[in-house]
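Written out below as structure tokens is the structure these notes cover.
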Amino acid sequence: MQFSDQLTLEQQFKMQVWRDEVRKLSQPEAQDYLLEVMRQMMLKDNLIKNLLKP
């Protein structure tokens with residue numbers, strides 16, 4: 003399996019859109035958003051771990 007740490011062109015575009023939206027947030031909104039993103043990443047990790055269990 004080959005892994006690339008580079009974003010695709012589509013992902014780069016999405017990142018720019020998100021960057022623009024995040025810059026419009028107040029600090030408390032950005033902190034809440036960051037915490038929600040971290041929670042979702044942890045849930046994704048749990049899902050992947052459960053799918054890979056023998």
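When you read off a place in the sequence shown, starting at 1, and then add 2, the result is the number in this note's numbering. Ideal Cβ placement from N, Cα and C applies to all residues, glycine included.
Close beta carbons around residue i, own chain, < 6 Å, minus the five adjacent residues each side
{"i": "A32", "result": "none"}
Residues of its chain near residue i, where Cβ-Cβ distance is below 7 Å and the 5 sequence neighbours each way are ignored
{"i": "L9", "result": "M17"}
Closest residue to residue i among the options (Cα-Cα distance)
{"i": "W20", "options": "L36, S6, L49, D7", "result": "L36"}
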